[in-house]
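Colleague:
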Amino acid sequence: MVGNFTLRAIEKQYNNETVLTMIADYACSNMKTATPLPDLHCQEFPVKHSIPTQIVVATAFSILILTAVIGNCVVMWIIATHKVMHRGFNYFLFNIAFADFLIALLNVGTTWTFNFYYDWWYGDFCAVNLFFGVAPTCVSVFTMMAVSWDRCHAVVNPLRKRPLSNHRIVWIIAAIWISAVGVALPVAICSRTEKHFFFSDQRHIISVQWLCISDFAYKVVYDNLLLIIQYILPLIFLSVTYGRIAYAFRNQTDDFQQHSTKYTDHLHAKRKAVKMLALVVGIFMVCWLPYQLYHAVLERLITDFEFASYSYMVFYWLAMSASAYNPFIYCYANARRSDPFQVDYSDRVSSASSIITAYGVSQIRCNKNSSISEIARLRGLESVKKATLNQSLGNGLTSARYCDCTPSMTCEMNAELVDKVA
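Okay, so the sequence shown: first residue is 1 according to the UniProt record's numbering, each after it adds one.
1) CA-CA distance, F198 and F61?
2) Suppose the cutoff is 7 Å on Cβ atoms and the five residues either side in sequence are ignored; what does the same chain contact list for A322 look like?
3) Can you tell which of S214, I172, I206, L7 has the C-alpha that lies nearest to the C-alpha of A184?
4) Apply the 10 Å Cβ neighbour rule to W112 and answer buried if 16 or more other Cβ atoms are within range, or exposed otherwise.
5) Use the C-beta contact count for R151: other C-beta atoms within 10 angstroms, 16 or more gives buried, fewer gives exposed.
6) Just to confirm my understanding: we take V57, look at its own chain, exclude 5 residues before and 5 after, and list those with CB closer than 8 Å. What are they?
7) Kindly indicate which residue of A175, M144, G182, A24 has the alpha-carbon position closest to the one of V134.
8) In chain order, what residues of the same chain lie with their CB nearer than 6 Å to the CB of H41, ignoring the 5 residues before and after it?
9) Does the structure place the stretch 139–153 close enough to the stretch 85–102 that three or more beta carbon pairs sit under 8 Å?
10) Within a Cβ cutoff of 6 Å, which residues of the same chain sit near S179, ignoring the five residues on either side of it in sequence?
11) Can you tell which of G88, T21, C190, V75 has the C-alpha that lies nearest to the C-alpha of V128?
12) In whole angstroms, what separates the C-alpha of I245 from that of L279?
13) Could you pull the DSSP bridge partners for T193 from this structure?
14) So is L277 buried or exposed if we call it buried at 16+ other beta carbons inside 10 Å?
15) If you measure between the beta carbons of I103 and F125, is that distance less than 9 Å?
16) Taking C-beta to C-beta, are T143 and F92 nearer than 9 Å?
17) Which parts of the stretch 69–130 are runs of the alpha helix (DSSP H), unbroken and 4 residues or longer, counting only runs that do not cross its ends?
18) Anyone know if the C-beta pair for T241 and W149 falls short of 9 Å?
19) Determine whether the beta carbon atoms of M85 and F101 lie at a separation below 9 Å.
20) Hey, is V314's beta-carbon within less than 9 Å of any beta-carbon in chain D?
21) Could you tell me the alpha carbon to alpha carbon distance between E11 and F45, rounded to whole angstroms?
22) In this structure, how does DSSP classify H204 when only helix, strand and coil are distinguished?
23) Is it a yes or a no for the stretch 206–224 touching the stretch 165–172, going by three-plus beta-carbon pairs under 8 Å?
24) Under the rule that 16 or more other beta-carbon atoms within 10 Å means buried, what is Y332, buried or exposed?
25) For N367, which of helix, strand or coil comes out of DSSP?
26) If you reduce the DSSP assignment to three classes, tell me which class F45 lands in.
27) Per DSSP, L40 forms a beta bridge with which residues?
28) Pull up the distance between the alpha-carbon of F237 and that of A27, whole angstroms please.
29) Who are the near neighbours of Y122 in its chain, counting only those whose CB is closer than 6 Å to its CB and skipping five residues on each side?
30) From Y310, A319, Y330, pick the residue whose C-alpha is nearest to that of Y118; which is it?
31) Can you list, in chain order, the residues of its chain whose CB lies under 7 Å from that of T6, leaving out five sequence neighbours each side?
32) Between which two residues does the alpha helix (DSSP H) harbouring Y14 extend?
33) Please look up how many angstroms separate the CB atoms of V155 and M320, rounded, as I've assumed it's under 8 Å.
34) Less than 9 Å between the C-beta atoms of N166 and R87, yes or no?
35) Between V147 and P327, is the Cβ-Cβ spacing less than 9 Å?
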């Protein structure tokens, strides 16, 4: 009869702790002959933390949550309240900050207590907690991939028009969120809270714990796909794009270091921006690596529950701390550069004209209608560079409102022109 019920169902029927204890004692004493109850664990409740340990863990996660929430709010506020920052690259930074803010606010605070005490205290918030444990992480990773592709295109093809306009970036961000929601929905839809009982054979008492779980037919397959989507594929993609960027920087420095001081400065500024993004990506990947390895390998190898619990808490804190570092990275970049979020129009104008000079345009003519046409020779350039410059001149350099040609062949151009070149 015992095997036909869950202990929770028996509790609802009898509502008597003595009866529950007797049934649990019988089920645990006859484990070989009696069908075990699925929600009964015949062992002493394994989680017992000392007061100092609880204080240390609570302090560490409290500092993490406050830092991530406040820091990312500051980043979003700076971008949102300064119209000059309402540009494509900053939209990506805002999106990453918003995702980090959500995971710190709606996931970390509830998840660490559940993992540490092995008890769910928040009722129906279980579905929300599981959803925001997956979706914001996907958003951060997908956004980093989009940024790396955009930066790679800008560095490898500096004279070509950037493929991601502000309008397209907004659509890309919307697609990122839709994809992230689609990835996170299964765990949210299939989430539930379960009441579990731990019976101590020595003390003959029952401990009651609530668990927040997500269980469905293909959960193992889903977890493996999540590992691939959130970590393995992004790691490969980001390694390729930033490797390509580093290679392009090396070649461009060799090509132009003797031609244009302005272009070298512009290249150095671009390198700083890419280094900042690479640091964001690198910290994210390093912080998440132990956590991913734990779920993929270590979880099945560690048999000591106490050691597994503390190991998981350390890995989880490290992974979640990735959401708190970005504001400090931006501040560090800001200390070394006047504004890490934007590129000033005057800098863009200077860099655009420097690129023209570095490529060896020997003569530029200004027409009455303020258009620019390249009418002369290209000195000693490879055919690929000639074609690139000609394409850029055809696509972008004919839209300037004002051009002041000087013997040094530099032109002052408006923001519209610069956007097409930089």
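Backbone N, C-alpha and C fix where the C-beta goes; we use that ideal spot for every residue, glycine too.
Modeller: On the basis of the data shown:
1) It is roughly 28 Å from the alpha-carbon of F198 to the alpha-carbon of F61.
2) Within the same chain, A322 has close Cβ partners I283, F284, C287, W288.
3) Closest option to A184, Cα to Cα, is S214.
4) The residue is buried, with at least 16 neighbouring Cβ atoms inside 10 Å.
5) It counts as buried.
6) Counting only Cβ-Cβ distances below 8 Å, and skipping sequence neighbours, we find H49, W112, F116, M313.
7) Of the listed residues, the one whose Cα sits closest to V134 is G182.
8) The residues are F198.
9) Verdict: yes, contact present.
10) Answer for S179: no residue qualifies.
11) Checked all of G88, T21, C190, V75; the closest Cα to V128 is C190.
12) Each residue's alpha carbon lies about 14 Å from the other.
13) Beta-bridge pairing links T193 to C212.
14) Residue environment for L277: buried (at least 16 other C-beta atoms within 10 angstroms of its C-beta).
15) Going by C-beta atoms, I103 is not nearer than 9 Å to F125.
16) For the 9 Å CB-CB criterion, T143 and F92 form a contact.
17) Runs found: 88–103, 109–117.
18) Cβ atoms of T241 and W149: closer than 9 Å.
19) Their beta carbons are not under 9 Å apart, which means M85 does not touch F101 by this criterion.
20) Here there is only one protein chain, and chain D is not present.
21) If you draw a straight line from the Cα of E11 to the Cα of F45, it is about 19 Å long.
22) Residue state for H204 is assigned as coil, using DSSP reduced to three classes.
23) As far as the Cβ criterion goes, the stretch 206–224 does not touch the stretch 165–172, which means the pair count is below three.
24) Residue environment analysis places Y332 among the exposed positions, since fewer than 16 neighbouring C-beta atoms fall within 10 angstroms of its C-beta.
25) Unreliable positioning characterises N367 in this predicted model, as indicated by a pLDDT of 40, which lies under 50. A coordinate reading is not provided.
26) Taken through DSSP and simplified to helix, strand or coil, F45 comes out as coil.
27) Per DSSP, F197.
28) Computed Cα separation, rounded: 53 Å.
29) Hits under 6 Å: T110.
30) Of all alpha-carbon atoms in Y310, A319, Y330, the one lying nearest the alpha-carbon of Y118 is that of Y310.
31) The beta carbon of T6 lies closer than 7 Å to those of L37, P38, D39 in the same chain, with the five residues before and after it left out.
32) In this chain, the alpha helix (DSSP H) harbouring Y14 covers 7–14.
33) Not confirmed; about 32 Å, so no contact.
34) Yes.
35) No.
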